[in-house]
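Before any comments, here is the structure.
2 protein chains.
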Amino acid sequence: MSSTDDVAMPFLLMSAFEGLADAVHRELERAGYPGVRTTHGFAMQAIGSGCTSVELGARLGISKQAAAKTAQSLEELGFITRTRGPHDRRERILQPTPRGLEMLRLSALAFRREVEDWRTRAGDEVIDATLDALLVAPRPTRRVADFPVTGV
Amino acid sequence: MSSTDDVAMPFLLMSAFEGLADAVHRELERAGYPGVRTTHGFAMQAIGSGCTSVELGARLGISKQAAAKTAQSLEELGFITRTRGPHDRRERILQPTPRGLEMLRLSALAFRREVEDWRTRAGDEVIDATLDALLVAPRPTRRVADFPVTGV
DNA sequence: ATATATGGTCAACCACGTTGACCGGAAGGT
DNA sequence: ACCTTCCGGTCAACGTGGTTGACCATATAT
Numbered sequence: 000m001s002s003t004d005d006v007a008m009p010f011l012l013m014s015a016f017e018g019l020a021d022a023v024h025r026e027l028e029r030a031g032y033p034g035v036r037t038t039h040g041f042a043m044q045a046i047g048s049g050c051t052s053v054e055l056g057a058r059l060g061i062s063k064q065a066a067a068k069t070a071q072s073l074e075e076l077g078f079i080t081r082t083r084g085p086h087d088r089r090e091r092i093l094q095p096t097p098r099g100l101e102m103l104r105l106s107a108l109a110f111r112r113e114v115e116d117w118r119t120r121a122g123d124e125v126i127d128a129t130l131d132a133l134l135v136a137p138r139p140t141r142r143v144a145d146f147p148v149t150g151v
Numbered sequence: 000m001s002s003t004d005d006v007a008m009p010f011l012l013m014s015a016f017e018g019l020a021d022a023v024h025r026e027l028e029r030a031g032y033p034g035v036r037t038t039h040g041f042a043m044q045a046i047g048s049g050c051t052s053v054e055l056g057a058r059l060g061i062s063k064q065a066a067a068k069t070a071q072s073l074e075e076l077g078f079i080t081r082t083r084g085p086h087d088r089r090e091r092i093l094q095p096t097p098r099g100l101e102m103l104r105l106s107a108l109a110f111r112r113e114v115e116d117w118r119t120r121a122g123d124e125v126i127d128a129t130l131d132a133l134l135v136a137p138r139p140t141r142r143v144a145d146f147p148v149t150g151v
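Listed in order, the protein sequences are those of chains A and B. All the letters of the first sequence, read from the start, carry residue numbers 0 to 151 under numbering that gives the first Met the number 0. All the letters of the second sequence, read from the start, carry residue numbers 0 to 151 under numbering that gives the first Met the number 0.
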């Protein structure tokens, strides 16, 4: 049994997430990718090989308007292109650029390195148990995230 | 070893946190405490038995202005009082009301119940290992949280 | 007594989300 | 072909939780 009160769990989860995200954003900044926010990473993951704003909103569990705003910011960062759909001229297909894919690759590298450090502190069995636990953790109502969190 | 890619860790942490928070907010809503946001819970925890806005900002790792806004919203919810300091007439002491303390108590109950359910799904050893892991997780730069996460 | 440090507030701004209204292209029914 | 309905996208206004800068008023140190 652990000495930590269960009621501290949410705070610890939050803190660990922010700690990982901060480390990755520092690394991206250093590697020539400044101004990347948490939202951008999630959205790029959700876009995958390409989709529309409406689909992006559905995948992230947010409104299509919010998804469109995020897409616009991704475009300004040079991470995606927005091209007219060939069959349906209403839609704009969001597709990752090489720079966008590279950002994702660097993020994944940084995340893995950070978790690797964490493993040396906590032990492999403990981190593996953590991953197992998180898979059956309570799910939020919004943010369905029905997209694969890929290895990139 | 776990079958989950380490790169999914941040997403899983985030999702677990939101899942717990959602459950607690639903419970609070049901118990007659509507409109409680994540910020309010963190701030109430940070206030503890009482402190000033500046101190609250320091504890949460945010600016004093942001802390003052949160305090104002807590006052409107009836969770704290803001009284002039007896020795220093500049300061306003933020102190939890009985309703504020009751909200914290209900939150703690709901969090414990939710983690208890989680324990039955994942197993005690796995959750204990998770708590151990989270204690040595990467720390965010901001949000120092040098206040005790109390059992209430 | 004056200078400096500190608690609090106001105002403007940013990031990220919401809802409501609307335009225009696609699709279906008659 | 035409009209209606559906749906992708955009615009505008707003809410929340942060930021920084300027400022006032009170404490405090010299």
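Backbone N, C-alpha and C fix where the C-beta goes; we use that ideal spot for every residue, glycine too.
Using a beta-carbon distance below 8 Å, is residue i in contact with chain A?
| i | result |
| --- | --- |
| A20/B | yes |
| R138/B | yes |
| E17/B | yes |
| E28/B | no |
| L100/B | no |
| V135/B | yes |
| F78/B | no |
| T69/B | no |
Less than 8 Å between CB atoms is the rule here; does residue i satisfy it with respect to chain B?
| i | result |
| --- | --- |
| M0/A | yes |
| P9/A | yes |
| S111/A | Note that residue 111/A is Arg in the sequence shown here, rather than Ser. Closer than 8 Å: yes. |
| P12/A | One point to set straight first is that residue 12/A is Leu, not Pro, in the sequence displayed. By this cut-off, L12/A is an interface position. |
| T96/A | no |
| V148/A | yes |
Anything in chain B within Cβ reach of residue i, meaning under 8 Å, just list it in chain order.
| i | result |
| --- | --- |
| A107/A | V6 |
| R120/A | V135 |
So residue i contacts chain B; which residues on that side make the cut at Cβ distance below 9 Å?
| i | result |
| --- | --- |
| S52/A | Within 9 Å Cβ-Cβ: nothing; S52/A doesn't reach chain B, min ~21 Å. |
How would you list, in chain order, the residues of chain B whose beta-carbon sits under 7 Å from the beta-carbon of residue i?
| i | result |
| --- | --- |
| V125/A | A128, D131, A132 |
Run through chain A and tell me which residues come within less than 9 Å of residue i, C-beta to C-beta.
| i | result |
| --- | --- |
| S72/B | Here the premise fails: no neighbours, minimum Cβ distance about 20 Å. |
List, in order along the chain, the chain A residues whose C-beta lies closer than 7 Å to that of residue i?
| i | result |
| --- | --- |
| V114/B | D5, M8 |
Going residue by residue through the region 28-95 of chain A, where are the continuous alpha helix (DSSP H) segments of at least 4 residues, counting only ones entirely within it? With a minimum length of 4 residues, the continuous alpha helix (DSSP H) runs that stay inside the region 28-95 of chain A are 37-46, 52-59, 63-75.
For the region 103-119 of chain B against the region 4-17 of chain A, are there 3 or more C-beta pairs whose distance is under 8 Å? Touching, per the Cβ criterion.
At least 3 beta-carbon pairs within less than 8 Å: the region 6-21 of chain B vs the region 7-19 of chain A: At 8 Å Cβ cutoff, the stretches touch.
contact_flag[the region 125-137 of chain B, the region 80-87 of chain B] where n(CB pairs < 8 Å) is 3 or more: No: the two stretches stay apart, fewer than three of their Cβ pairs being nearer than 8 Å.
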